[in-house]
Structure formats: structure tokens, C-alpha cells
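Novice: Note that the protein sequences, when read in sequence, are chains A and B. Each number in this note's numbering comes from the position in the first sequence (counting from 1) with 129 added on. Each number in this note's numbering comes from the position in the second sequence (counting from 1) with 925 added on. Where is the CB? At the ideal position from N, CA and C, for every residue including glycine. The model shown is predicted, which means the values in this text are computed figures rather than measured ones.
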Amino acid sequence: MMPKRKPQYIVIGGGLAGLALTMKLCENGGQVTLVSYQPVKRSHSACAQGGINAAIDTKGEGDSPETHFYDTVKGGDFLAHQPLVRDMCHQAPAIIHLMDRLGVAFNRTPEGHLEFRRFGGTLYSRTAFAGATTGQQLLYALDEQVRRYEHDGQVQKLEAHEYLSAVLDKQGICRGAVIHDLHTGDIFSLKGDAVVLATGGPAKVYGKTTGSTVCNGAATTSAYLQGAKYANGEFIQVHPTAIPSQDKLRLMSESARGEGGRIWVPRKPHDPRDPLSIPEEERYYFLEENHPLYGNLVPRDVASREIHDIVYNKNLGVDGQPMVYLDLTHQSEKFLEERLGGILDIYTKFTGDDPKKVPMKIFPAVHYSMGGIWTDYEHDGHGLIDHRSPRNQMTSIPGLYAAGEADYQFHGANRLGANSLLSCIYTGLMMGPGLIEYSRNLGNRFEDISSTIYDQTRDQWRGRFEAFKQMNGRENPYQLHQDLGDVMLANVLIVRENSKLEKALGQIDDLEGRFRNIKCPDTTHWSNPAPSMIQQLYCQIQLAKIITKGALMRNEFRGAHYKPEFDLNQPHEFDPHEYVEYLEKKHYGEVPEADFPQGHLAYMKRYETNNEQWLKTTIAEYKNNQPEISYEEVDTSVVAPRPRKYD
Amino acid sequence: MTENKTIVLKVRRQEQPNSKPFWQEFELPLKPRANIISCLMDIQMNPVTRDGQEVSPVVWECNCLEEVCGACTMVINGKVRQACTALVDTLEKPIVLEPMSKFPLVRDLHVDRSRMFENLKKVKAWIHVDGTYDIGEGPVFPEKQRAKAYLLSECMTCGCCLEACPQFTKDNDFMGASTFSQVRLFNMHPTGAMEQEERLEAVMGAGGIADCGNAQVCVEVCPKKIPLTESIAEIGRETTLQLLKNLFLK
Chain A
130 MMPKRKPQYI VIGGGLAGLA LTMKLCENGG QVTLVSYQPV KRSHSACAQG GINAAIDTKG
190 EGDSPETHFY DTVKGGDFLA HQPLVRDMCH QAPAIIHLMD RLGVAFNRTP EGHLEFRRFG
250 GTLYSRTAFA GATTGQQLLY ALDEQVRRYE HDGQVQKLEA HEYLSAVLDK QGICRGAVIH
310 DLHTGDIFSL KGDAVVLATG GPAKVYGKTT GSTVCNGAAT TSAYLQGAKY ANGEFIQVHP
370 TAIPSQDKLR LMSESARGEG GRIWVPRKPH DPRDPLSIPE EERYYFLEEN HPLYGNLVPR
430 DVASREIHDI VYNKNLGVDG QPMVYLDLTH QSEKFLEERL GGILDIYTKF TGDDPKKVPM
490 KIFPAVHYSM GGIWTDYEHD GHGLIDHRSP RNQMTSIPGL YAAGEADYQF HGANRLGANS
550 LLSCIYTGLM MGPGLIEYSR NLGNRFEDIS STIYDQTRDQ WRGRFEAFKQ MNGRENPYQL
610 HQDLGDVMLA NVLIVRENSK LEKALGQIDD LEGRFRNIKC PDTTHWSNPA PSMIQQLYCQ
670 IQLAKIITKG ALMRNEFRGA HYKPEFDLNQ PHEFDPHEYV EYLEKKHYGE VPEADFPQGH
730 LAYMKRYETN NEQWLKTTIA EYKNNQPEIS YEEVDTSVVA PRPRKYD
Chain B
926 MTENKTIVLK VRRQEQPNSK PFWQEFELPL KPRANIISCL MDIQMNPVTR DGQEVSPVVW
986 ECNCLEEVCG ACTMVINGKV RQACTALVDT LEKPIVLEPM SKFPLVRDLH VDRSRMFENL
1046 KKVKAWIHVD GTYDIGEGPV FPEKQRAKAY LLSECMTCGC CLEACPQFTK DNDFMGASTF
1106 SQVRLFNMHP TGAMEQEERL EAVMGAGGIA DCGNAQVCVE VCPKKIPLTE SIAEIGRETT
1166 LQLLKNLFLK
């Protein structure tokens, strides 16, 4: 008897999504090759601090997965496909329990059960956490499970390896991947039933960010260059509080403000005095003054916009630099040690200053991409997901899948805190059964296909990398990368204007011109990072175009995409329930102006018209060396979109 | 003192695992809040030595740059530590960078620490669960116990403890403090404890706990302040008990 064929997969990336998927595939009898730049235990998921959301409602607050779902789609300004978000929120409690069983050291209640805490922008204690390193702890638990399967022979890890592209057959079906060994420099093809990109976000397009050095977006961009659709690229989350530094911008968790941290700048521009010697009345607590209700705890996008305004429009940054104070010095040292010890230690380690004694200097930083490679899903007809469908998480290239931050589906126009760890683990686990089905139903398999396509694609990449090594122009690629980041930070960040976006597109084209004049700084043959860096830079230039062109064409203000010119100017006293009422009344004919406070009906009509045009997924496709932009419908079948308001 | 301050970096370089190491010096403008990573990044942008020679940029490993991934560990001014938290202002000049000496060298400051991950397999550093399906809550775990486990679970497999350990060498098979501490972590967990014996057996053999010379330097260099010597003592006790059990009960 022939032994039963084991389905074979290639998973690229060993963060939470890639590891969760690998574990799930192995459990179902799959054989996985796991490809990663670095040992998977060092993946970027380790950087997440705050926690992971699940509406388990252990404190009798009345939280539920449905509320979690509503908060998430509202947080994303209704741009996310609702069945997916709803399914994720319903799976969340089981995911937390699973991670707990895998040994994650989640903080406990006195009875020894899971503890939950509040997080920015939600009314419920929904966030499970493991100290101040929740991402690291979740990553390690999954890493350990995958190590068990590696020990048992079901997983082969290719660490210090890089994904270059998919191998597509004549029908355009993905049959494998081209991989680059970062030590030997060898480029080879791998065969598999399906390839999954669990390659994280593209933060590096912006130069210095809260991202890790591997968050370069190259793998998803490579898929885009091979014809896969890229979605919602212009939606980039900027976190309001990070620690500026020469090499990266490190995150300072929202919880610093939750424990009483106050944000301020000196009222006098470029005030040279020691901050502690500046008297109270000469300090500008701008968040508290402009938002008396939420004060320092306004949502992330609002805080980032305010800080941007203070620093660039009002020229009030600390020492004339793009920085503001985040001040905890009014709290007792004992209180701070107990409540915030971990994150304050990080600040001290990296700046040499003790935040218990001097105000921290912080500034917004690029943090997360809501957009990513386009992926599919199949709903079950009841507002949830059919977990057996091979369509789940498949890109527009058959057989090529994506998961985690690399995809686009869960956070709409703005992500809520502590939802990213959830979406990463959720996609990894959810798509597993569909991938098994996909393998089972394959007509002809990679074993039946001539090896020519593998050899050809491999040889193209060998040629390309050889050409990179021989580049002998005048430009240093690392400098070029920094220049690209500067263009993006200056023009495609918190406040977006069409004139600047147009200018940025021109500048990106200039950078692409300079790219051709690169000098490869290292031409050796062993463990040489330079050719890879050049390839990644090429991808980042293409991705910068996707982000910038998407932003230029989207003439509205939605979530993290803020264009003042197209602000619908929500009336101050507006209540989002009015909109639901308006929609009901509309069923019965013309709605009289007098039914609502003055100006509200006109605003709601503006909102409605705007949604008709712009409540759409942005799709970028690679045509003639440019992203061609089109739009797709968003599935809003579960709850009616309505104006966001957090006052 | 001039307006434009500079710093000098002396870097031990080696092109291949078996080639001859050599030294290069780089002079860089001193920037505010610079760390070793930003200096190495500056070299990437302008790979020219102090004597004006154009060279290939220095190769090193890094990722998170906030001391949670463990990647950028190297020997800085003779002390093993992460390059990201090594702030230039606090370091004696000139700054001397060397790769860790206890692991096979890849190139320049980049070494191969896969031995550490292999050791985690030997001691079964995982919780053996029935499956990933939704079978309800995890075990009750007292917070005090959990807090102890959390300290151990912050180990980022950076290798500082092994670089400093006189017992751990390139050509022996000593597992070292980080592995013993992981054994303690998994034995401490209510479900993990069910495989306690297998883990103890693994550290009772060659390269195991008995080879520890009790130098106690591991705990001094651990960037996460993990109580490694406590873990070693605990595993020592547990293995002694296991040995007695094996003598009398098997």
C-alpha cells in the first residue's frame, strides 16, 4: 500500500501568524518548511507590549464578542469586512484559553484565573496580558509548539533564509517559492502545495519606526509585483507616543497616560529652561485643554494629529525639536514602580533619563499597517466564516496565501490596541483547515509538474542578484533607504494634502531613478547582506508608490487617513444614534430637516454621500510599473456603518 | 574640544568562519542618543575606515532594537551585552566591538547560536498539550507562582550567560544556565510538570547540570536579570531527588 501523501506547505515568516499556522497544519498531518530571516524566536511579534483582546467578561461588565466586534469595526471606521471581524471576535476567547494552555504566563487574579485590563479606546476590561511583554510571551509559546513538531520531523526550519518570490505555473497557480540562503548566498526553489506569506508589516518604508529591522514589506510587495492585489495600502497607523532615537523609534505604551501621564510643551517656543523649572502656568497641556473630557486619553489618531499640530504648525516642540513631554514626575516613585516599572525601565535604558525624575520626551511614530496584501474569505451565510474553505486568506494568486499583519482584512481604517496579536493568531489558526482542503482538492500537484518552471524562476533571481552585486554607480543603498523614509515621513504621514502627495510621488520616482545608479557596497560571496538589502529597497520604493498613490486618490477623511480638505465637519453636539434614526426614517420617505438639531441632517447626508463613494477597499495592481488603483465593495452586512464619535 | 565631536569604533572583523580575523577602525560623528546599532548603521551609509579605505559595511545580527529579541548580542568593550542598549555616551572610548567567542562565527560580529535552540529540543522545552482545539480554560495558576515563571520566561536566548560561563566552550556539549532555567520554567507549570522527569533526565546526562562549575557569572551578565543561579540550584535539587528515585524505585 502506498503511504498516504502528506500535504506540504511553505510558510514564510515565523511570527505569531506563521507559527500559529504551522502548528495547526502539523496537527492536521501537514509537512511545513518554515522560512525566516532570523531564528523565529526573534521575530517582530516579540515587540508587542500591552496585551491581546478577548471579550471573556470575567468582571461582570457585560462585555461580549458582539461588543468586541462592534468596537473593532467602529474603531476601523467601518472599512473592515464584517463577517471576518465578527468571526475573529467570537474566536477570541478560545484563542486566549489555548494560549494559556500552551503555557503563556498571563497575569492572574487572586483565584488564579486570567486577569484582564482596560486598554485605550474601549470601555471594558478585555485585554489579557503577560507583564509588559505580551507579544514576546505569546511568540515563545507558539515557538515552543513548533519546536516540538520540528523535533518530531514535521517542520523544517530555514532560518537565515529569505523569500524572493512565488513560483507560478502556466495557469498562474503558485507551486512553490524561490528562497535565498543568507549565509551561502545560494538561491534555490522550493516546491509545495501552497505558500503562505506571514511576513508582517512594511514599517521600514518609513525609515525609522517602531518596527523591527525585518519589517520591510518586501515579500508582500514581491507578490504584488507578480500580480497579486494589494489592499488599503494608504492606511498606516501612527502611534502618538514613541521614544525618538538614532536607530529606531521605540514605543512608549498607552498605559503611561492611563496611569496619569500628562502631555505638554512649554508655551514659549524653544524655551531653553529645564522642564521641571517651568512653572505650571507656562506649560501648555494641549490635550487636556483641547479635549477636556478625554484629556490625555483621547484615541491614538486624535493624539497623533494634535502632537503633529503643536510641533509643526505651532512650532512649539521641545527645544525646537519634533518632541513633546510625557510627564509622570507628579506621581510618587513608588506608585510608578508598581504600575509602570517595565516600560519606564526601557525608557531609562535607552535614553539614560529616569522618567520618575524628568519628563519623557516623546513623539508619534509609524507603528502598523492596516493595509496589506489582498486576501479572500468565505462567509457561512450567518455573518461568520466557513472555516473549511480554501478561499480563506488566499491572495488573488491561487495557492499563495497571507496571514497576520501582511494581510489587510481585520482593522479597516484604524486598528484598536491589543487587536493585532489577536488577528495574527486568529488568521494563522483559522486558515489551517482551508489549506488542508486546498491540498486535498488539487487536480495536479507539484510532483506532476515539470521542474522547468522552478529552474526558470530560480535562474531569473540568480541573474537579478548577480546584477545587483555588479551595480557600480554612485548611490549608497542605505542612504537611499533613509531618503525614501524622509520623503514618506514628510508627505504621507498624519496630515495628508494632495499637493504634498503629488510631490511625494515625483520624489519616489526620482529615488527609483537614483536606485539604478546604486553602488553595491559589498561584493563578497559569504553572508553578504547587501544584495538582499538592494532587493528590499526596490520593493519598498514600489510599496511607497502604492501607499502614496492610494492616499492621493482617496479624497476623504477616514480613520488614520486624515485629509483636512475633505473633513465632513461633524457638528459638535452630534450623536451617532441620530444616524441610525435617520436611516430608519428614510425608509418612509423624505426626512424633515426639523427632526434633527440644526445642521445635523445636512451632515448626515454628507456622511452618506461620502460613504457611497469611499466606503470601499482600495485595490492596487501592478500595471506598467505603476500601481493601478481601483475600489471594491466592503461587506457591511452585519451592522450599518455610522459616524464615529468618542467624546 | 571641537564643535564636531567624533567617536572611534574598533571592530574585529572576519570575512568567513575559517578566515583570519582583522581589526578596522571607524571614526564617526557623535550623534545625540546614539547607540552601537546607530553607529553600525552609519558605517553602512559610509563604509570608510579611519584611514580612508573604502571597505564593506560591518555585518551583524539585529532585529527588534529594544532588547526583547536577543539578536544583537556582541562583546562591547570586553563585556557581552546587546548592542541596542549600549549607549555611546556611557561607553569608554574608543569603543571595541567583537563577536561572541563561544559560538561559531558567521561573519564579523554575527555568530550562529543554533546550539541554544537545539538544547531546548533536548530538554523538551514546551508544554505537551492534547491539541489546539477549544477544550476550555487552562489550568488554575497561582499568581505568585506565575510571577516567578514570568521572570524565567523573559529569557530571549541571547547567549550572554553562555559567553560568560567558563564551563561553556565551543567544543564541549555543556547546556548552560539558559537551558537549565527553561527546564525549571516548564517544570513549574501545572501541565508542564507532567513531563518533569523527562526534562530532568535530559539534564542529568552529558553536558548536564552536574558539569556546572558554579562560577555564578551567568547571573551577572543576564540582561533580563533572570535568577539563573537560583534555577541552577533548583534543578540541582530536583535532579538529586530524581537520582534517588531512580536508585530506589526503578
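Are any of the Cβ atoms in chain B nearer than 9 angstroms to that of residue 152 of chain A?
Specialist: Taking the first sequence and counting its residues from 1, one reaches residue 152 of chain A at position 23. True, the Cβ-Cβ gap to chain B drops below 9 angstroms.
Novice: Return the Cβ separation of residue 110 of chain A and residue 473 of chain A in integer angstroms, given the expectation that the two are a contact with Cβ distance under 8 angstroms.
Specialist: There is simply no residue 110 of chain A to check, as chain A begins at 130 and stops at 776 in what is shown.
Novice: Taking the alpha-carbon positions, what's the residue 926 of chain B to residue 933 of chain B distance?
Specialist: Counting from one through the second sequence, the residue named residue 926 of chain B turns up at place 1. Counting from one through the second sequence, the residue named residue 933 of chain B turns up at place 8. Because residue 926 of chain B sits at a pLDDT of 41, beneath the cut-off of 50, its placement in the model cannot be relied upon, and the following sentence gives the value as read from the coordinates. Near 15 angstroms, if we compare the C-alpha coordinates of residue 933 of chain B and residue 926 of chain B.
Novice: Would you mind giving the Cβ-Cβ distance between residue 743 of chain A and residue 683 of chain A, rounded to the nearest angstrom? I have them listed as a contact below 8 angstroms.
Specialist: Against the first sequence, residue 743 of chain A aligns to sequence position 614. Against the first sequence, residue 683 of chain A aligns to sequence position 554. At roughly 7 angstroms, the Cβ-Cβ gap stays under 8 angstroms, so residue 743 of chain A and residue 683 of chain A are in contact.
Novice: Along chain B, which residues have their Cβ under 7 angstroms away from the Cβ of residue 256 of chain A?
Specialist: For the purposes of this step, residue 256 of chain A is taken as residue 127 along the first sequence, with counting starting at 1. Result: empty, since nearest Cβ-Cβ is about 17 angstroms, beyond 7 angstroms.
Novice: Quick check on residue 590 of chain A - is its C-beta less than 9 angstroms from some C-beta in chain B?
Specialist: For the purposes of this step, residue 590 of chain A is taken as residue 461 along the first sequence, with counting starting at 1. No, residue 590 of chain A does not count as interfacial toward chain B.
Novice: So the alpha helix (DSSP H) residue 660 of chain A belongs to, where does it begin and stop?
Specialist: Translated into the one-based positions of the first sequence, residue 660 of chain A becomes position 531. Here the alpha helix (DSSP H) through residue 660 of chain A covers 659-682.
Novice: Which residues, taken in chain order from the segment 954-981 of chain B, show a beta carbon closer than 8 angstroms to some beta carbon of chain A?
Specialist: 956, 957, 958, 959, 960, 962, 963, 966, 969, 970, 971, 972, 981
Novice: Using a Cβ-Cβ cut-off of 9 angstroms, state whether residue 636 of chain A counts as contacting chain B.
Specialist: As a working mapping, residue 636 of chain A is identified with position 507 in the first sequence. It does not: the Cβ of residue 636 of chain A has no partner Cβ on chain B nearer than 9 angstroms.
Novice: What residues in the segment 546-563 of chain A have a beta carbon less than 9 angstroms from any beta carbon of chain B?
Specialist: Residues 558, 561.
Novice: Could you check the C-alpha separation between residue 731 of chain A and residue 739 of chain A for me, to the nearest Å?
Specialist: As a working note, residue 731 of chain A is residue 602 in the first sequence. As a working note, residue 739 of chain A is residue 610 in the first sequence. The alpha-carbon atoms of residue 731 of chain A and residue 739 of chain A are separated by roughly 12 angstroms.
Novice: Can the beta-carbon of residue 532 of chain A be found less than 9 angstroms from the beta-carbon of residue 500 of chain A?
Specialist: Numbered from its first residue, the first sequence carries residue 532 of chain A at position 403. Numbered from its first residue, the first sequence carries residue 500 of chain A at position 371. Taking 9 angstroms as the Cβ cut-off, residue 532 of chain A and residue 500 of chain A do not qualify as a contacting pair.
Novice: Taking C-beta pairs closer than 7 angstroms, name the residues in chain B that residue 156 of chain A reaches, listed in chain order.
Specialist: Here residue 156 of chain A refers to the residue found at position 27 when the first sequence is read from its first residue. Going along chain B in sequence order, the residues near residue 156 of chain A (Cβ under 7 angstroms) are 1056, 1057.
Novice: Answer yes if the segment 744-762 of chain A comes into contact with the segment 675-689 of chain A, meaning at least three C-beta pairs across the two stretches below 8 angstroms, and no otherwise.
Specialist: yes
Novice: Let's test the definition: count the other Cβ atoms within 10 Å of the Cβ of residue 132 of chain A and tell me whether it reaches 16, buried, or not, exposed.
Specialist: For the purposes of this step, residue 132 of chain A is identified with residue 3 of the first sequence, where counting begins at 1. Under this definition residue 132 of chain A is an exposed residue.
Novice: So is residue 661 of chain A in contact with chain B if we call contact Cβ pairs under 9 angstroms?
Specialist: Indexing the first sequence from 1 puts residue 661 of chain A at position 532. It does not: the Cβ of residue 661 of chain A has no partner Cβ on chain B nearer than 9 angstroms.
Novice: List in chain order: all unbroken beta strand (DSSP E) runs of 3+ residues lying wholly within the segment 442-491 of chain A.
Specialist: 453-456
Novice: Please name the residues in the segment 256-276 of chain A whose beta-carbon is closer than 7 angstroms to at least one beta-carbon of chain B, in chain order.
Specialist: 259, 260, 262, 265, 266, 269, 273, 274, 276
Novice: Can you list, in chain order, the residues of the segment 474-501 of chain A whose Cβ is nearer than 9 angstroms to any Cβ on chain B?
Specialist: Of all residues in the segment 474-501 of chain A, 475, 478, 479, 480, 481 have a Cβ within less than 9 angstroms of some Cβ in chain B.
Novice: Answer yes or no: do residue 1022 of chain B and residue 1008 of chain B have a C-beta to C-beta separation smaller than 9 angstroms?
Specialist: Locating residue 1022 of chain B in the second sequence gives position 97, where the first residue counts as 1. Locating residue 1008 of chain B in the second sequence gives position 83, where the first residue counts as 1. Taking 9 angstroms as the Cβ cut-off, residue 1022 of chain B and residue 1008 of chain B qualify as a contacting pair.
Novice: The beta strand (DSSP E) spanning residue 743 of chain A covers which residue range?
Specialist: Taking the first sequence and counting its residues from 1, one reaches residue 743 of chain A at position 614. No beta strand (DSSP E) holds residue 743 of chain A; the alpha helix (DSSP H) holding it covers 729-743.
Novice: Please list the residues of the segment 1069-1084 of chain B that have a C-beta atom closer than 7 angstroms to any C-beta atom in chain A, keeping them in chain order.
Specialist: 1071, 1074, 1075, 1078, 1079, 1082
Novice: Does any C-beta atom of chain B lie closer than 9 angstroms to the C-beta of residue 166 of chain A?
Specialist: As a position in the first sequence, residue 166 of chain A is number 37, starting the count at 1. So, interface residue.
Novice: To the nearest angstrom, how far is the alpha carbon of residue 400 of chain A from that of residue 408 of chain A?
Specialist: Counting from 1 along the first sequence, the entry for residue 400 of chain A is found at position 271. Counting from 1 along the first sequence, the entry for residue 408 of chain A is found at position 279. So the alpha carbons of these two residues sit roughly 12 angstroms apart.
Novice: Please state the DSSP three-state secondary structure of residue 181 of chain A.
Specialist: As a first step, residue 181 of chain A must be located in the first sequence, where it is residue number 52. Note: residue 181 of chain A maps to strand in three-state DSSP.
Novice: Return helix, strand or coil for residue 503 of chain A, following the three-state DSSP convention.
Specialist: Locating residue 503 of chain A in the first sequence gives position 374, counting from the first residue. In the structure shown, residue 503 of chain A sits in coil (DSSP, three-state: anything other than H, G, I, E or B).
Novice: Where does the unbroken beta strand (DSSP E) through residue 1085 of chain B begin, and where does it stop?
Specialist: For the purposes of this step, residue 1085 of chain B is taken as the residue at position 160 of the second sequence. It is not in any beta strand (DSSP E) - residue 1085 of chain B instead sits in the alpha helix (DSSP H) that spans 1085-1089.
Novice: Buried or exposed for residue 1108 of chain B, going by 16 or more other Cβ atoms inside 10 Å?
Specialist: If you number the second sequence from 1, residue 1108 of chain B lands on position 183. Buried: at least 16 other Cβ atoms inside 10 Å.
Novice: Tell me which residue opens and which closes the beta strand (DSSP E) that residue 290 of chain A is part of.
Specialist: As a working mapping, residue 290 of chain A is identified with position 161 in the first sequence. Its beta strand (DSSP E) spans residues 290-297.
Novice: How do the segment 138-150 of chain A and the segment 321-329 of chain A stand: do at least 3 beta-carbon pairs fall below 8 angstroms, yes or no?
Specialist: They touch, by the three-pair rule.
Novice: Give me the Cα-Cα distance between residue 812 of chain A and residue 1066 of chain B, rounded to the nearest whole angstrom.
Specialist: The question about residue 812 of chain A has no answer here: the residues shown for chain A are numbered 130 through 776.
Novice: Can you tell me whether residue 310 of chain A is helix, strand or coil according to DSSP?
Specialist: The sequence position of residue 310 of chain A within the first sequence is 181, counting from 1. Of the three classes helix, strand and coil, the one that applies to residue 310 of chain A here is strand, per DSSP.
Novice: Would residue 535 of chain A pass as an interface residue toward chain B - the criterion being a Cβ-Cβ separation below 9 angstroms?
Specialist: Residue numbering aside, residue 535 of chain A sits at position 406 when the first sequence is read from its first letter. By this cut-off, residue 535 of chain A is not an interface position.
Novice: Taking residue 1066 of chain B as the query, report the chain A residues whose CB atoms sit under 7 angstroms from its CB, ordered along the chain.
Specialist: In the second sequence, counting from the first residue as 1, residue 1066 of chain B sits at position 141. Those within 7 angstroms of residue 1066 of chain B in chain A are 237, 241.
Novice: Examine chain A for any beta-carbon lying closer than 9 angstroms to the beta-carbon of residue 1123 of chain B, and answer yes or no.
Specialist: The sequence position of residue 1123 of chain B within the second sequence is 198, counting from 1. For residue 1123 of chain B, the answer is no, since every Cβ of chain A falls outside 9 angstroms of its Cβ.
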